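Residue numbers (UniProt numbering): 1 to 257.
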């Protein structure tokens with residue numbers, strides 16, 4: 001009973017973490033379910049290029065884990081979880097308003113950028129949410145609390161597939177190809193905003209605050225130096241991702257044209 005109460009408390013108090021995690025994986029998998037429409041509207045019928053567009057998120061995920069992990073260590077767990085869901089929300093909703101290849105190559109270039117952003121945020125989400133729940137959860141029920149992370153991720157995958165199949169059945173192939181594929185991305189806006197605002201209001205991890213106070217008492221200069229060093233590492237990650245973006249965009253466009 002004690003473990004059950006602890007898990008219910010986590011769900012009630014930190015619902016925005018769990019809702020955000022569900023949405024992260026809903027948004028992450030949408031591309032794979034809607035791949036035929038991206039293939040036709042952005043990659044001019046090239047299945048290889050379309051799946052490369054999906055695969056680049058996996059390339060970006062380690063960078064996201066490092067970058068948002070550093071943010072969590074320097075600025076706090078709360079900031080890291082907020083940036084993760086905010087970036088994922090932007091990367092998802094904007095995909096729903098992109099111009100297709102009929103209007104030039106801008107849409108494809110921005111799509112690759114947004115997919116990389118989703119990869120970064122997904123990688124950061126794993127580290128941020130797991131760390132936060134580990135630090136705020138009751139030790140006696142920590143495994144049960146952490147189980148909520150893969151559970152909400154699985155629900156997110158299911159929601160993405162259900163949403164895609166539902167609109168395909170309701171709208172039909174022609175309308176889905178024309179404009180219907182955009183709807184699942186745009187529908188993420190409201191729950192995404194709700195999760196984003198909720199994460200702004202969650203308290204910072206007490207364990208992080210105590211560790212930060214102890215670090216400041218021990219050596220303020222040393223803490224500043226470490227912060228500068230970690231910020232530099234984060235910028236190196238950002239530059240690496242930018243270079244990766246340029247390289248992948250060039251390769252995909254060459255494969256298409």
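Note that the Cβ used here is the ideal one computed from N, Cα and C, for glycine as well.
No experiment lies behind these values; they were computed from the predicted model shown.
Asked, Found
"Nearest-angstrom beta carbon gap, residue 23 and residue 195 [assumed within contact, 8 Å]", "6 Å"
"Per-residue burial, residue 125 [other beta carbons within 10 Å of its own, 16 or more giving buried]", "buried"
"Residue 133 vs residue 144 beta-carbon contact at 8 Å", "no"
"Cβ-Cβ separation, residue 182 to residue 85 (assumed contact under 8 Å), whole Å", "In fact, because the Cβ distance is near 21 Å, the residues do not count as touching under 8 Å."
"Simplified DSSP assignment, three categories, for residue 167", "helix"
"Under the three-state DSSP convention, the category residue 263 falls into", "There is simply no residue 263 to check, as the chain begins at 1 and stops at 257 in what is shown."
"Cβ contact check for the region 11 to 20 and the region 165 to 176: 3 or more pairs under 8 Å", "no"
"Terminal residues of the alpha helix (DSSP H) in which residue 180 lies", "No alpha helix (DSSP H) holds residue 180; DSSP gives it neither H nor E."
"Residue 61 to residue 28 span [Cα, whole Å]", "11 Å"
"Residue 105 to residue 39 span [Cα, whole Å]", "14 Å"
"Spatial distance of residue 157 from residue 209 (CA atoms)", "34 Å"
"8 Å contact criterion, which residue 191 and residue 164 should meet: CB distance rounded", "Contact flag wrong, Cβ pair sits at about 17 Å."
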